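Down below is the structure, laid out as structure tokens.
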Amino acid sequence: MTELNATTTRRRLLASAVGAGAWVALADSTNAATDDLTAAVSRFAGGASVLKGRVKIDIAELVDNGNVVPITVSVDSPMTAANHVRFIAVFNEKNPQRDVVRFSLSPSSGKAMVTTRIRLATTQKLVAVAQLSDGSFFSHTVDVIVTLAACLEGEG
Amino acid sequence: MARTLINIPPTARRGEVIEIRVTIGHPMETGFRPGDDGKILPRNIIQRFSCRYNSELIFSAEMFSAMAANPYISFFTTAQNTGTLALTWEGDGGFTQTENVTLTVTG
Amino acid sequence: MAAFMRTLPGLICLLALALVANAQTTTHQDARKSGFEFMGPSTQAMQKDDTLNPGMLSVKDGEALWQKPAGQSSKACATCHAAAQSSMKGVAARYPAFDDALKRPIGLSQRINQCRVQQQQATPLRPESADLLALESFVAMQSRGLPIAPTADPRLEPFRQAGGQRFMQRMGQLNLSCAQCHDANAGGKLGSSVIPQAHPMGYPVYRLEWQAMGSLQRRLRNCMSGVRAEPYAYGANELIELELYLNVRAKGMLGETPGVRP
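Residue numbers (the working numbering), protein chains in the order written: chain A, 7 to 162; chain B, 905 to 1011; chain C, 357 to 618.
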């Protein structure tokens, strides 16, 4: 119940900061890693509210190997000059660094869909955030399970 | 010169949305990994990929250490005029490589 | 006996016998499965599609090396062998093969180095070097989709048996044999990884764990480290004998080079 109130307060604060470029420090999360992730997303959005929806991450729930994890991010958008996706950014929760990749698209992209392969150090959350041409932000969060290979390579 | 794999359709109709797939051979050394002597190996990654279609920038990617080695990217663009797709990778240590492919557009 | 045959256990016994009897002649009842089948769908997709397969970087390098003059001869592979697509078709499928001069089996990468030294008057390529893996991948890809076909050469038999004995032999601090995991427990789990049957198709393989291309010998050495055994050196007779045994064990299964594996 306390967490629910904190989230609601956070959303109201972020909503009120839209367009103002204000950056809200989020100090009420009990999980430091998730907090860094939330801060990274918030920084990318310039403090604007980030809504859920429109963005979809396609990724295995349990990866074969954390060194090479295929990921597809697609955004529901007509990709016209008036209404298109400008950026798609991917953030992680527990790698040494939050950023994974930032894609820049244009109306001529035709389709807001990008695929790549990433490294995941351990089981964690991933967030894909899209900025649309009207300045709004949408995101999708997934949980990915990563395990170590059974037989690790020795020396020499 | 690193090895690249570039896949575009052999031809496209004007207005058709096509997929472009690119891979480049590169270790993408993260800068977080210790070498055999225990010291952290310096970062050596490709930081930016960009695609220009008849000189117009249509797509780019800012890449970080969390991108896998031998980075692969797939993206889409709308076929307009027959022309050149210039694919450029830039990274640590002054790494820079451009591959040009011709996109043939009919109609 | 007749009454038993009409019961459910009896019918299952009959079916099992029929399957075993047919195993030699009908591949669709073959219990052998490639490591491909033990991977997740996105890894499988990476292997199936040449535009996605990271191993193709190495194959393309091999294709370029095939045309490149080497050594004092200034001959390229192509000078003698012309187009690999025809001259190398089916070659990798029958390696390791018996070498008359050495009087023992050699692997494909050793054969490539023999050509370099004897035909091209060039220095041999280092084991696991990018160039040697590239040439091996390019040549082995010409056997993709073809059945593994070790030769029936009787001179290979003692070496195949030595490889087989080693496959069954416990080793390392963990005191495990290849057979204990890959025959008895294939399909089970080691940690969170599914244990494959350890068939040699697809090598050289792009292994996600290595983030690079690697040979079957590298993989075998990994396994040995995994059970805390001192790995045999690259090119060691023991490794070639194991490769030979694995290829005979996988006879008839289809080549996959360049494979992708976790």
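Glycine included, C-beta positions come from ideal geometry on N, C-alpha and C.
All values derive from a computational prediction rather than experimental measurement.
{"query": "Report all residues from its chain with a CB closer than 7 angstroms to the CB of residue 382 (chain C); omit the five preceding and five following residues, and keep chain order.", "result": "Note that residue 382 (chain C) scores a pLDDT of 47, beneath 50, so its modelled location is shaky and nothing firm can be said."}
{"query": "Using the C-alpha atoms, what's the distance from residue 474 (chain C) back to residue 397 (chain C)?", "result": "44 angstroms"}
{"query": "Check whether the stretch 992-1000 of chain B and the stretch 130-140 of chain A touch, using three or more Cβ-Cβ pairs below 8 angstroms as the test.", "result": "no"}
{"query": "Taking contact to mean 3 or more Cβ pairs, one atom from each stretch, closer than 8 angstroms, check whether the stretch 40-47 of chain A and the stretch 92-103 of chain A are in contact.", "result": "yes"}
{"query": "What are the uninterrupted segments assigned as beta strand (DSSP E) that are 3 or more residues long and contained completely in the stretch 457-490 of chain C, given in chain order?", "result": "460-462"}
{"query": "Counting only C-beta atoms, is residue 128 (chain A) closer than 9 angstroms to chain E at any point?", "result": "Protein chains A, B and C are contained in the structure displayed, whereas chain E is not."}
{"query": "Have a look at C:514, C:564 and C:412 and flag the residue whose alpha-carbon is nearest the alpha-carbon of residue 495 (chain C).", "result": "C:412"}
{"query": "According to DSSP, simplified to helix, strand and coil, what is residue 584 (chain C)?", "result": "coil"}
{"query": "Based on Cα-Cα distance, which residue from B:1005, B:993, B:1008 and B:908 lies nearest to residue 953 (chain B)?", "result": "B:993"}
{"query": "Taking the straight line between their C-alpha atoms, what separation do you get for residue 65 (chain A) and residue 918 (chain B)?", "result": "32 angstroms"}
{"query": "Of all the residues that make up the stretch 545-570 of chain C, which are near chain A by a beta-carbon distance shorter than 7 angstroms?", "result": "546, 547, 548, 549, 564, 565 and 567"}
{"query": "Is residue 985 (chain B) buried or exposed, if buried means 16 or more other CB atoms sit within 10 Å of its CB?", "result": "exposed"}
{"query": "For residue 381 (chain C), name the three-state secondary structure that DSSP assigns.", "result": "The pLDDT assigned to residue 381 (chain C) is 47, lower than 50, so where the model puts this residue is not dependable, and the model offers no usable value."}
{"query": "According to DSSP, residue 134 (chain A) sits in a beta bridge with which residue or residues?", "result": "A:96 and A:146"}
{"query": "Which first and last residues belong to the alpha helix (DSSP H) in which residue 402 (chain C) is found?", "result": "397-404"}
{"query": "Measuring only between beta-carbons, confirm whether residue 98 (chain A) sits less than 9 angstroms from chain C.", "result": "no"}
{"query": "Report the start-end ranges of each alpha helix (DSSP H) in the stretch 527-555 of chain C that is 4 residues or longer and not cut off at the edges.", "result": "534-538"}
{"query": "Confirm, please, whether the CB-CB distance from residue 492 (chain C) to residue 571 (chain C) is below 9 angstroms.", "result": "yes"}
{"query": "Using DSSP's beta-bridge definition, name the partner residues of residue 1004 (chain B).", "result": "B:990"}
{"query": "Roughly how many angstroms separate the alpha carbons of residue 980 (chain B) and residue 88 (chain A), rounded to a whole number?", "result": "18 angstroms"}
{"query": "Alpha carbons only, please: which of B:961, B:977, B:963 and B:930 is nearest the one belonging to residue 407 (chain C)?", "result": "B:977"}
{"query": "Using a Cβ-Cβ cut-off of 7 angstroms (strictly less than) and excluding sequence neighbours within five positions of residue 910 (chain B), which residues of its own chain qualify?", "result": "926, 991, 1003 and 1005"}
{"query": "In chain order, what residues of the same chain have a beta carbon less than 6 angstroms from the beta carbon of residue 605 (chain C), not counting five sequence neighbours either side?", "result": "none"}
{"query": "Can you check which of these residues, C:476, C:456, C:385 and C:420, is closest to residue 430 (chain C) by C-alpha distance?", "result": "C:476"}
{"query": "At a CB-CB cut-off below 8 angstroms, which residues of chain A make contact with residue 396 (chain C)?", "result": "66, 68, 69 and 70"}
{"query": "Please confirm whether residue 107 (chain A) and residue 966 (chain B) have their CB atoms less than 9 angstroms apart.", "result": "yes"}
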